[in-house]
Each structure stands twice: as structure tokens, then as C-alpha cells.
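A.B. asks: Residue numbers (the numbering used here): 1 to 173.
The structure is reproduced here in C-alpha cells:
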């Protein structure tokens with residue numbers, strides 16, 4: 001008996017607001033564009049990385065409040081990334097993503113100019129972080145694998161801490 005294959009559907013992004021602290025309405029496409037432009041700049045600098053996944057968090061405890069974006073990159077399989085390049089990625093992620101997000105969303109730029117929002121934090125996480133997150137937390141939450149959607153915004157402190165604990169220190173692996 002042949003069992004037909006069931007297609008796997010992956011959502012690229014959802015419509016609607018992703019992040020909004022003071023009405024700036026930053027959506028998933030704004031963040032995705034900012035990240036892709038940043039990665040493109042890194043690749044032009046000779047750092048062979050590609051986008052894997054991201055999630056975000058509204059840090060309302062910071063003063064002023066700000067966005068935190070967790071980004072997982074993957075290295076080109078035929079290239080090694082050395083510790084100097086990793087340090088460059090970590091040192092430039094905040095500034096580059098911030099600049100690109102300001103270009104992608106005028107409302108975000110306005111909120112930054114008015115100092116309503118603080119500069120975002122872009123935290124690079126280790127390879128496999130998103131896979132471990134989905135395995136650990138979705139299983140605990142009792143979510144069926146067929147209902148899995150990308151977690152583009154973290155809603156609990158526990159989820160936020162998981163990603164903080166998986167930040168890159170010296171290498172991707």
C-alpha cells in the first residue's frame with residue numbers, strides 16, 4: 001500500500017503587526033527586510049552567512065523600551081567562519097539591523113528620533129537554537145507539529161530567557 005505524501009506548508013510571513021510598543025506597527029516583513037539587507041552587507045564584506053530564522057521580543061523593562069531580535073545564521077557549508085568574523089558580526093549586528101529597520105519602517109524611525117524607543121538589540125544565537133526551541137516548548141505546550149508556525153514574537157519571559165541562554169559567544173556551534 002502506497003501512502004501519498006502530504007505537502008509541508010511553511011508560512012513566509014503573516015500579515016498584521018509584529019511589534020508595536022508606541023504605535024510604530026513594525027510588521028514581520030519590515031524585520032525580515034532589515035535582516036536580509038544586513039546579511040547581504042555581511043556577505044559583501046566576505047562573511048559567508050545566510051539567514052536561517054529570527055524571533056523578536058518587546059523589552060518593556062528597558063528604559064526606553066526597545067525591540068530585541070534573535071537571529072540564527074547558517075554558514076555556507078564550504079566556508080569556515082573564524083572567531084574574528086564572528087566578533088565582527090556580533091559587534092555590528094545592532095547598528096546594521098537598526099539602520100535597515102529605520103529604512104524599512106518610517107514609524108519606527110520616527111519613534112527612534114523622538115527617543116520613545118531605545119536602540120534595538122540584535123542577538124545572534126547558536127546554530128540549532130530554533131529547532132531546539134520548537135522541540136522543547138511546543139512539546140511542553142502540547143502543540144501538534146501540524147500546527148507549528150514560526151514564533152516571530154516571544155510572549156513569555158521563559159521563552160525570552162531560552163534565546164538569551166543560546167546567544168553566540170565564540171562560535172556558531
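Cβ coordinates follow ideal geometry from the N, Cα and C atoms, glycine included.
#1: Quick check: what's the CA-CA separation for residue 201 versus residue 33?
#2: The ligand ADP and residue 103: does any heavy atom of the ligand fall closer than 7 Å to the residue's C-beta?
#3: Residue 103 lies in the alpha helix (DSSP H); which residues open and close that run?
#4: DSSP on residue 65, reduced to helix/strand/coil?
#5: So does the segment 99-119 actually touch the segment 154-168, counting three or more Cβ pairs closer than 8 Å?
#6: Please report the distance separating the alpha-carbon of residue 4 from that of residue 121.
#7: Below 8 Å, can you find three or more Cβ-Cβ pairs linking the segment 86-93 to the segment 18-31?
#8: DSSP three-state call for residue 168: helix, strand or coil?
#9: If we call anything under 8 Å between Cβ atoms a contact, is residue 53 one with residue 130?
#10: With burial defined as no fewer than 16 other Cβ atoms inside 10 Å of the residue's Cβ, what is the status of residue 112: buried or exposed?
#11: Looking at the strands, I want to know which residues DSSP matches up with residue 74.
#12: Per the DSSP calculation, residue 124 is bridged to which residue(s)?
#13: Please report the straight-line C-alpha distance between residue 117 and residue 108, rounded to a whole angstrom.
C.D. replies: A quick look at the data gives this:
#1: Any property of residue 201 remains undetermined from this structure, which presents the chain solely from 1 to 173.
#2: The ligand ADP is not part of the structure shown, which contains no ligands of any sort.
#3: 83-104
#4: coil
#5: no
#6: 45 Å
#7: no
#8: coil
#9: yes
#10: buried
#11: 50
#12: 71
#13: 8 Å
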